[in-house]
Amino acid sequence: MIFLRRQLPLLITLVTGLLFAAQYYVPHPASEQMLTSATKWLQIVGGFALILGVTSLFHQHAVKIRRQEAGWGYSLVLYVGMLGTIAVGLWTNGKESVEGTMTAFGWIYNYMMVPLQGTMFAILAFFIASAAYRSFRAKSREAAVLLVAAVIVMMGRVPLGEYLIPLSGDVSSWILNVLNSSVRRAILIGVSLGAVALSFKIIFGVERSYLGGGKE
Amino acid sequence: MPLEMIVGAWVATGLTLLIFSFLYKDNPLFKLAEHLYVGVSVGYVIVKTYDTVIVHLVVKPIVENGEIALLIPVAIGMLMLTRYVPKAAWMSRYAFAFIVGMGAGLAIPRTVSSFILKQVEDTIRPLLSMTGSDGVTFSMNLLNPASHLNAIIIFIGVSSVLFYFFFSIEHSGVGKAVARTGILFLMISFGAGFGYTVMARMSLLIGRLTDLIEFSDTSYGRPTVWLSLLTVGALFLLARRGREQPPDIH
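Okay, here's the thing in structure tokens:
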């Protein structure tokens, strides 16, 4: 039983890992076909992972409603929004528009999701500004450099900034395209080295936390 | 003006104002819109996943093309749901092992190729292009990201930042100078990232305000004006009720 519960999953990881790592180096149509199929399989299995997440959300709010805990009315709103969207989406076959005409699902997307999402992220502008006020005091040389770079980039992104400081547009582009990209490149290399190391650890069974806990 | 657009304008304006009410303070109107946002977003993702995965990747290929092999990933996916049966929960490990193993296998060669070797190549190659068949050339134009001067700056930035995160060597002497250069590059990058994010959020804010201005038109029935008044009134009433009721300390 220990083989089925603990060793077989590790074997599956080892075999699939080595197989798909090797696939990259085999330039044969069959290998390409295998990658296409596997990507499709991954999407299908990923769809089931969504069920796990959604049922957890369903359960958490259902408990809140059943026990009438504080704020259970909001959970009810969440349920209504979710079930209403699902019902309308299934009714319109998941299409936002049919032959150029907006469907009810498209209406929900355009007049509910877009404004909600846009405003939710837009109010972050205010909080970022207040956070900047608190943290952007040039207490050290490094903080001053950060402050100056942020101000130049902000000025360079709007016509008023370019009008007030004519060079800010060019300097902003230079900071973003040269200085920023060099740092991003270095971080990408570092993160990738870590990702590759972690992938090897997973394939060879050193890292097993993805299997979850349990007695065996 | 079609009725669905008028109703849509009222709904969009109302929801926008409910979210904006958070700028005053955390309040029930904001929480209502927040929970509706989560509900609608999750519903949307469920419908899209159902349409993309179940309909287009599973049902149609099996029914129309007879691709029976697709039942294998369905079975693997079903194994995930055994998490809900404590005695059979261990079977979900097969599904996770498959996904994680495949993901790790796919990641190794692609990450090495695209995110390590290609990045190193793009850092080094512009420096090598300085020496060609017609001798050494050097372009100083800072505004051209492909100039040789910028190539040197990028090389210094990449090397110093990588060195800063390399802890196997003590950062002293020359190493300290290199690490400090790395910090300088990092700070500039963080500042640029912050400035860029702020402006992106500002652009979203301008978009929402543009919509509010558009919906204040008489053709929509002035939803911005009426709903703003309603929201302010509701916030006023909520604040008054909050003052009248003693805070619950339990």
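Sequence order for the protein chains is A and B.
Start counting the first sequence at 5; every next residue gets the next number (my numbering).
Start counting the second sequence at 124; every next residue gets the next number (my numbering).
Where is the CB? At the ideal position from N, CA and C, for every residue including glycine.
Would a C-beta distance cut-off of 8 Å place residue i and residue j closer than the cut-off?
i: S312 (chain B); j: N184 (chain A); result: yes
i: L150 (chain A); j: G314 (chain B); result: yes
i: T20 (chain A); j: M225 (chain B); result: yes
i: S186 (chain A); j: F289 (chain B); result: no
i: L146 (chain B); j: F130 (chain A); result: yes
i: S144 (chain A); j: T234 (chain B); result: no
i: G162 (chain B); j: L82 (chain A); result: yes
i: L193 (chain B); j: I199 (chain B); result: no
i: G160 (chain A); j: S177 (chain A); result: yes
i: L360 (chain B); j: N150 (chain B); result: no
i: T172 (chain B); j: G85 (chain A); result: no
i: L128 (chain A); j: R324 (chain B); result: yes
i: S35 (chain A); j: A227 (chain B); result: no
i: L180 (chain B); j: I48 (chain A); result: yes
i: V281 (chain B); j: T246 (chain B); result: yes
i: I69 (chain A); j: L80 (chain A); result: yes
i: L272 (chain B); j: D174 (chain A); result: no
i: F238 (chain B); j: I193 (chain A); result: yes
i: T354 (chain B); j: L152 (chain B); result: yes
i: A300 (chain B); j: Y287 (chain B); result: no
i: A154 (chain A); j: G318 (chain B); result: yes
i: L327 (chain B); j: M116 (chain A); result: no
i: P249 (chain B); j: A274 (chain B); result: yes
i: Y113 (chain A); j: Y343 (chain B); result: no
i: I207 (chain A); j: L12 (chain A); result: no
i: P196 (chain B); j: V182 (chain A); result: no
Using only alpha-carbon positions, find the residue among the options that is nearest to residue i.
i: I191 (chain A); options: B:V301, B:K154, B:L285, B:V134; result: B:L285
i: W95 (chain A); options: A:V49, A:A26, A:G110, A:G50; result: A:G110
i: A26 (chain A); options: B:L307, B:D340, B:A230, B:M322; result: B:A230
i: L18 (chain A); options: A:L215, A:A126, A:G209, A:G216; result: A:G209
i: R206 (chain B); options: B:V197, B:I195, B:A218, B:P196; result: B:A218
i: I336 (chain B); options: B:L327, B:S326, B:T347; result: B:T347
i: F338 (chain B); options: B:T136, B:L202, B:W213, B:A300; result: B:T136
i: Y28 (chain A); options: A:G75, A:A42, A:W76; result: A:A42
i: A156 (chain B); options: B:V134, B:T260, B:I329; result: B:V134
i: F125 (chain A); options: B:R331, B:R366, B:M128; result: B:R331
i: R188 (chain A); options: B:G316, B:S262, B:K183, B:L327; result: B:G316
i: V176 (chain B); options: A:G57, A:S60, A:F62, A:K44; result: A:K44
i: F24 (chain A); options: B:R363, B:G344, B:P232; result: B:P232
i: V152 (chain A); options: B:L352, B:M310, B:V130; result: B:M310
i: F62 (chain A); options: B:V165, B:K148, B:R345, B:K183; result: B:V165
i: S236 (chain B); options: A:I112, A:I156, A:I207, A:V200; result: A:V200
Against chain A, with Cβ distances strictly below 8 Å, would residue i count as a contact?
i: V301 (chain B); result: no
i: V223 (chain B); result: yes
i: Y343 (chain B); result: no
i: Y173 (chain B); result: yes
i: I213 (chain B); result: In the sequence under discussion, the amino acid at residue 213 (chain B) is Trp, which differs from the Ile named in the question. Closer than 8 Å to some Cβ of chain A, the Cβ of W213 (chain B) qualifies, so yes.
i: V355 (chain B); result: no
i: F145 (chain B); result: yes
i: I185 (chain B); result: no
i: L360 (chain B); result: no
i: P232 (chain B); result: yes
i: G365 (chain B); result: no
Does any CB atom of chain B fall closer than 8 Å to the CB of residue i?
i: L171 (chain A); result: no
i: V210 (chain A); result: no
i: P33 (chain A); result: no
i: A66 (chain A); result: no
i: F7 (chain A); result: no
i: E166 (chain A); result: no
i: I90 (chain A); result: yes
i: W111 (chain A); result: yes
i: W178 (chain A); result: yes
Using 8 Å as the limit for Cβ to Cβ distance, is residue i near chain C?
i: E73 (chain A); result: Given the protein chain composition of this structure (A and B), no chain C is represented.
Is the closest heavy atom of the ligand FAD to the C-beta of residue i under 7 Å?
i: A147 (chain A); result: Looking at this structure, you won't find the ligand FAD or any other ligand, since it has none at all.
Query raised in the report: What residue ranges within the stretch 137-207 of chain A form continuous alpha helix (DSSP H) runs of no fewer than 4 residues, ordered along the chain?
Result: Counting whole runs of 4 or more residues, the stretch 137-207 of chain A contains the alpha helix (DSSP H) stretches 145-160, 163-168, 172-178, 185-207.
Query raised in the report: Residue ranges of each alpha helix (DSSP H) run of no fewer than 4 residues wholly in the stretch 147-193 of chain B, ordered along the chain?
Result: With a minimum length of 4 residues, the continuous alpha helix (DSSP H) runs that stay inside the stretch 147-193 of chain B are 151-172, 183-188.
Query - Against chain B: residues of the stretch 39-62 of chain A by CB proximity under 7 Å - result: Within the stretch 39-62 of chain A, those residues whose Cβ lies closer than 7 Å to any Cβ of chain B are, in chain order, A42, K44, W45, L46, Q47, I48, V49, G51, F52, A53, L54, I55, L56, V58, L61.
Query raised in the report: Taking a cut of 9 Å between CB atoms, which residues from the stretch 149-170 of chain B lie near chain A?
Result: Within the stretch 149-170 of chain B, the residues whose Cβ lies closer than 9 Å to some Cβ of chain A are P151, K154, L155, A156, E157, H158, L159, Y160, V161, G162, V163, S164, V165, G166, Y167, V168, I169, V170, listed in chain order.
Query raised in the report: Fully enclosed by the stretch 92-142 of chain A, which alpha helix (DSSP H) runs are 4 residues long or longer?
Result: Listed in chain order, they are 108-112, 118-126, 128-139.
Query raised in the report: For the stretch 239-258 of chain B, which residues have a CB atom closer than 8 Å to at least one CB atom of chain A, in sequence order?
Result: Of all residues in the stretch 239-258 of chain B, only I239, Q242, V243, D245, T246 come within less than 8 Å of chain A when Cβ atoms are compared, listed by chain position.
Report task. Mind listing, in chain order, the continuous alpha helix (DSSP H) runs of no fewer than 4 residues lying wholly within the stretch 194-245 of chain B? Result -> Qualifying alpha helix (DSSP H) stretches, in chain order: 194-203, 215-233.
Query raised in the report: Going along the stretch 189-206 of chain A in order, which residues come within less than 9 Å of chain B, judged by CB to CB distance?
Result: Contact annotation: in the stretch 189-206 of chain A, residues whose CB is within less than 9 Å of a CB in chain B are R189, A190, I191, L192, I193, G194, V195, S196, L197, A199, V200, L202, S203, F204, K205, I206.
Query raised in the report: Which residues, in order along the stretch 124-141 of chain B, keep a beta-carbon less than 7 Å from a beta-carbon of chain A?
Result: Answer in chain order: E127, G131, V134, A135, L138, T139.
Query raised in the report: Can you list, in chain order, the residues of the stretch 275-307 of chain B whose Cβ is nearer than 7 Å to any Cβ on chain A?
Result: From the stretch 275-307 of chain B, only I276, I277, G280, V281, V284, L285, F288, I306, L307 have a Cβ closer than 7 Å to chain A.
Query - Completely contained alpha helix (DSSP H) runs for the stretch 237-320 of chain B, where each covers 4 or more residues - result: The qualifying runs are 241-251, 271-287.
**Report entry** Interface positions of the stretch 310-335 of chain B facing chain A (Cβ-Cβ less than 8 Å), listed along the chain
**Finding:** Cβ contacts with chain A: M310, I311, S312, F313, G314, A315, G316, F317, G318, Y319, T320, V321, M322, R324, M325, L327, L328, G330, R331, D334.
Report task. Anything in the stretch 116-140 of chain A with a Cβ closer than 8 Å to a Cβ of chain B? List those residues in chain order, please. Result -> Within the stretch 116-140 of chain A, the residues whose Cβ lies closer than 8 Å to some Cβ of chain B are M116, M117, V118, P119, L120, Q121, G122, T123, M124, F125, A126, I127, L128, A129, F130, I132, A133, A136, listed in chain order.
Query raised in the report: Listed from N- to C-terminal order along the chain, which residues in the stretch 199-210 of chain B have their beta-carbon within a distance smaller than 9 Å of any beta-carbon of chain A?
Result: Flagged, chain order: I199, G200, M201, L202, M203, L204, R206, Y207.
Query raised in the report: Using Cβ-Cβ distances below 9 Å, what residues of the stretch 9-30 of chain A are close to chain B?
Result: Contact annotation: in the stretch 9-30 of chain A, residues whose CB is within less than 9 Å of a CB in chain B are R9, R10, L12, P13, L14, L15, I16, T17, L18, V19, T20, G21, L22, L23, F24, A25, A26, Q27, Y28, Y29.
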